[in-house]
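Quick note: the sequence shown uses numbering that gives the first Met the number 0, first residue 0, plus one each step.
Backbone N, C-alpha and C define an ideal beta-carbon position, used for all residues, glycine too.
Report on one structure; see the data block that follows.
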Amino acid sequence: MTFHYQATADMLIAPLLAEGQFEAQEHQKRAVKQVSFPDPMYRKPTPTEKRKSYPIVSESFVMLPHPHQQQQQAIQRPILTSKSTNTVTTVTTPTHVEFQTTVEEANWTRNNSLSHRLKVANRLFDIMSSQSNVDHPLCQECTDMLLEALEKQLEDVSRERDCYIEFMKKVKDSRLSNEEEQELRKQLEELRLAEEEASAELQKLQEEEKRLEKELEGLENEVERLDDEEDEFWERCNEYQLNLDTFQNERDSINLKYDHDVKQYDKLQKTVVYNDAFCISHDGPFGTINGFRLGRLSTHPVEWNEINAAWGQTLLLLYTIANKLKFQFQNYRLVPMGSFSRVEKVGGDSVISYELYGTGDFGLNRMFLNRRFDHAMVAVLSCLKQLADFAEEKDKSLRLPYRINKDKIGDLSIRLQFNQDESWTKALRYMLTNMKWILVFASRANTANESETSAK
Numbered sequence: 000m001t002f003h004y005q006a007t008a009d010m011l012i013a014p015l016l017a018e019g020q021f022e023a024q025e026h027q028k029r030a031v032k033q034v035s036f037p038d039p040m041y042r043k044p045t046p047t048e049k050r051k052s053y054p055i056v057s058e059s060f061v062m063l064p065h066p067h068q069q070q071q072q073a074i075q076r077p078i079l080t081s082k083s084t085n086t087v088t089t090v091t092t093p094t095h096v097e098f099q100t101t102v103e104e105a106n107w108t109r110n111n112s113l114s115h116r117l118k119v120a121n122r123l124f125d126i127m128s129s130q131s132n133v134d135h136p137l138c139q140e141c142t143d144m145l146l147e148a149l150e151k152q153l154e155d156v157s158r159e160r161d162c163y164i165e166f167m168k169k170v171k172d173s174r175l176s177n178e179e180e181q182e183l184r185k186q187l188e189e190l191r192l193a194e195e196e197a198s199a200e201l202q203k204l205q206e207e208e209k210r211l212e213k214e215l216e217g218l219e220n221e222v223e224r225l226d227d228e229e230d231e232f233w234e235r236c237n238e239y240q241l242n243l244d245t246f247q248n249e250r251d252s253i254n255l256k257y258d259h260d261v262k263q264y265d266k267l268q269k270t271v272v273y274n275d276a277f278c279i280s281h282d283g284p285f286g287t288i289n290g291f292r293l294g295r296l297s298t299h300p301v302e303w304n305e306i307n308a309a310w311g312q313t314l315l316l317l318y319t320i321a322n323k324l325k326f327q328f329q330n331y332r333l334v335p336m337g338s339f340s341r342v343e344k345v346g347g348d349s350v351i352s353y354e355l356y357g358t359g360d361f362g363l364n365r366m367f368l369n370r371r372f373d374h375a376m377v378a379v380l381s382c383l384k385q386l387a388d389f390a391e392e393k394d395k396s397l398r399l400p401y402r403i404n405k406d407k408i409g410d411l412s413i414r415l416q417f418n419q420d421e422s423w424t425k426a427l428r429y430m431l432t433n434m435k436w437i438l439v440f441a442s443r444a445n446t447a448n449e450s451e452t453s454a455k
């Protein structure tokens, strides 16, 4: 049983022992080659060399050498000096001890149990794993991949090293002379002075920039204030424009009304108010005022009411013209009362009233009334003569068509008593004609007075 465990341990550790022996032999071969032909700093191994670097017995395991074998191996290992002459120092170890698998080996195997060797192997694997990023033990494929990665890394480092060497060579070859160094120092000093001047100028420009920024900020505030004022101004301007448009519309409307009123006023000025108020015309042999006939014929009898109404309109016209011309009659005062108008004769303190209307009564009463009626008609004719004289004095070109002399107009008496109806009717017609002329004069005088008042 003990022999079986020992055989099993020997089988497990055998690859380690074989690998140790192989490594010792390889080291000895390389030492001999380096003495004869020193290897370059780096050479990429051939696939055959890579394959030969791993013994067949090891496959996927790392083999540990026997302690006695490590002591008995006599290997000459080359040692490279620190100089760059690539000289090799050979260390010679005693080689007279031969490898023996004798009783000592059997004793060593018995003294070292299987578990102890496994612990040693695991410890070695742990140390190897801690020294790199790869966990051990490794299989053959993983080892090949690791070697390829390391070889690639080695190539990169070698190229980098070559670059550094080349750069160092260029630096050594490109060293400047004293004159060139002095010239460069001089240029450096000039550049330093220029830098100081540029720094001072830059500082001034920065201060100027700060000042300009403050000024710009002030201007921006001013612009903002002006924008606010402009907005306020345009608001007031728009409001003013609206008010102006309203006022202009009102003005245009007022101007239109004014123009219309002026035209209407001109039309009214040209219109003789008295002609409209007192329309004097004729109806056959009769003179008429406002449609009332004044006179009486046997062939054309006229009612006394119409005659009295016509006399009332005539007296009212005479009274109105006198007031308009501010004329005061002498010795007479007119009292227009329609169909019952009167004329008062004023003489000092006494006043005699004459009725300016007639009746159709017969007898003594009619005679008495006609007498007073005649006095009233003569008084009206006298007042008309006074007004005509005043008008002719004001307007030298004015001449009435029929002259008035006491109780006659145009050589016809205005009295009714002891007079023919035809003569009386014609005399009344002459009187109305003169009244119309006086009416025209009063209208022109009124227009002239209004023009003078407007001019003032």
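- In its chain, beyond the 5 residues on either side, G357, N369, F372, D373, M376 and W423 have a beta carbon closer than 8 Å to the beta carbon of L415.
- G311: member of the alpha helix (DSSP H) spanning W303 to K323, first to last residue.
- Within the stretch 325-382, the complete beta strand (DSSP E) runs of at least 3 residues fall at 331-334, 341-346 and 349-354.
- Assignment of beta-bridge partners to N404 by DSSP yields K407.
- Restricting attention to K325, I306, S129 and Y401, the CA atom closest to the CA of T287 is found in I306.
- In the DSSP secondary-structure assignment, H299 is not bridged to any residue.
- Distance between N274 and C382, taken at the CA atoms: about 20 Å.
- In the three-state reduction of the DSSP assignment, I413 falls in the coil class, being assigned neither a helical nor a strand state.
- For a cut-off of 8 Å, the C-beta gap from S340 to G311 is around 5 Å, short enough to register as a contact.
- The stretch 394-401 makes no contact with the stretch 245-258, as fewer than three CB pairs between them are under 8 Å.
- Excluding its 5 nearest sequence neighbours in each direction, A308 has C-beta neighbours in its own chain below 6 Å: F291 and S338, listed in chain order.
- The three-state reading of DSSP puts G217 in helix, counting H, G and I together.
- With respect to the 8 Å criterion, N322 and K344 are not classified as neighbours on the basis of their beta carbons.
- Distance from the CA of L427 to the CA of N433, rounded to the nearest whole angstrom, comes to 10 Å.
- Taking 8 Å as the cut-off, the Cβ atoms of I413 and L380 count as close.
- Using a 10 angstroms sphere on the CB of P335, the tally of other CB atoms reaches 16 or more, which defines it as buried.
- Boundaries for L397: no beta strand (DSSP E) harbours it, and the DSSP string shows neither H nor E there.
- The DSSP-derived three-state label of S280 is strand.
- Using a 10 angstroms sphere on the CB of R295, the tally of other CB atoms reaches 16 or more, which defines it as buried.
- Comparing alpha-carbon positions, the option among A378, E392, F417 and S198 lying closest to K405 turns out to be A378.
- Of the candidates R160, F328, E159 and L241, F328 places its Cα closest to the Cα of A387.
- The straight-line gap separating the alpha-carbon atoms of T142 and R174 is approximately 47 Å.
- In the DSSP annotation of this structure, the continuous segment of the alpha helix (DSSP H) that includes L146 starts and ends at Q139 to D172.
- Here T270 carries a coil assignment [DSSP, helix/strand/coil].
- Note on geometry: alpha-carbon atoms of S112 and N121 lie some 15 Å from one another.
- Going by DSSP, L123 is part of the alpha helix (DSSP H) stretching over L113 to S129.
- Contact between L293 and L314 does not hold, since their C-beta atoms are separated by about 11 Å, which reaches or exceeds 8 Å.
- A direct Cα-Cα distance of roughly 10 Å separates N177 from R184.
- For L427, the secondary structure class from DSSP, reduced to helix, strand or coil, is helix.
- Counting the other Cβ atoms within 10 Å of the Cβ of K435 gives 16 or more, which makes it buried.
- DSSP places L225 within a helical segment (H, G or I) once states are collapsed to three.
- When the five nearest sequence neighbours on each side are left out, the beta carbons in the same chain lying within less than 6 Å of the beta carbon of F285 are those of R292 and G294, in order along the chain.
- Under the three-state reduction of DSSP, L293 is assigned to strand.
- By the C-beta density criterion, I320 is buried, having at least 16 other C-beta atoms within 10 angstroms.
- Beta-bridge annotation (DSSP): T287 is paired with S280 and R292.
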